[in-house]
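Colleague:
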Amino acid sequence: MTSGPREIVTPFRPIPLDVPEGMKPNEFFNSTENLDDLIHNNGLLRNPENLLMYRKALGHSNEFDTSIIYNTSKCILNPLGRPVRRTQLPDNVKHVWNRMNQILIEYMLEKYPDPDKALLLAGEASLDATWPLTSPGVPSIRMLHNHFIVFDKKQLSEADLADPDNPNLTDGGQNSLFQSYMRDVYRQFFDALDLNILKPIRSDASTLSLTGYPQGLPSWEIQGGAEALKDICFWREYDE
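Convert by adding 19 to the 1-based position in the sequence shown; the result is the number in the numbering used here.
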């Protein structure tokens, strides 16, 4: 089996998505119009900590695809003042979000228990990451959010290999810059940390055979498996 990025087609879900006429896709997804759509059309859960869980109309997978965003649009009006890293979160928000993350991952593992049939992904991002390096300005949302995605492995294995020259594979060039200049520095930094639950692992041990992901980026093993997510010490190590 050849390993490499795969190209799959994710059909549009028949759920509401109102994109204003004349607005480009990257402009919409970094705009307050998108946020209003998430809240009023596709929001699943909101809490007093301003954490919004929502479903995806245009997502990565139609098997399972949801996100939690820290919606500070009403309490921090300046996008540049909004948290974009976990270290910038208030403690009460961080604690509630940790619990939400743990519950969602637990649900995914319960619903998709066979690792040979389903690929489970959970990750953290800032909406800045979707803004091309060559585009001027700052996204009008700029808020931290988490992804929770499940892929059908049969669909991935049957999918065509992606064009290696496709610029969308590089995430705007950040991945290649990291690989060229930062990888060794990051590994030295991680080696110096005092970790008991998170354990750095080699690239060949963490690489997905189907896609080659994460293509050499730093990876860790969670010692103790999913049960370790219930331990507050795990989240402290994760934040470090």
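C-beta atoms are modelled at their ideal positions from N, C-alpha and C, and glycine is treated no differently.
1. Run through DSSP, which three-state label would ASN117 get?
2. Would you kindly work out how many angstroms separate the C-alpha atoms of ARG221 and GLU26, rounded to a whole number?
3. Are there 16 or more other CB atoms within 10 angstroms of the CB of ASN66, so buried, or fewer, so exposed?
4. Among the residues of its own chain, which have a CB less than 7 Å from the CB of TYR131, if the five just before and after it don't count?
5. My output table needs one value for ILE88: the three-state DSSP class, helix, strand or coil.
6. Would you call HIS59 buried or exposed, if buried means 16 or more other Cβ atoms sit within 10 Å of its Cβ?
7. Would you list the residues sitting across from PHE167 in a DSSP beta bridge?
8. Assign ASP135 to one of two classes, buried (16 or more other C-beta atoms within 10 Å of its C-beta) or exposed (fewer than that).
9. Kindly list the residues whose CB is nearer than 6 Å to the CB of THR85, restricted to its own chain and excluding five residues on each side of it in sequence; keep chain order.
10. Distance, Cα to Cα, PHE47 vs ARG104?
11. Taking its Cβ as the centre, do 16 or more other Cβ atoms sit within 10 Å of VAL28, making it buried, or is it exposed?
Modeller: In brief:
1. ASN117 sits in a helix when the DSSP states are folded into three classes.
2. 26 Å
3. exposed
4. ALA137, LEU139 and VAL169
5. strand
6. HIS59 counts as exposed, since fewer than 16 other C-beta atoms from the protein chains shown sit within 10 angstroms of its C-beta.
7. THR85 and ALA141
8. exposed
9. ARG74 and PHE167
10. The straight-line gap from Cα to Cα measures roughly 22 Å.
11. exposed
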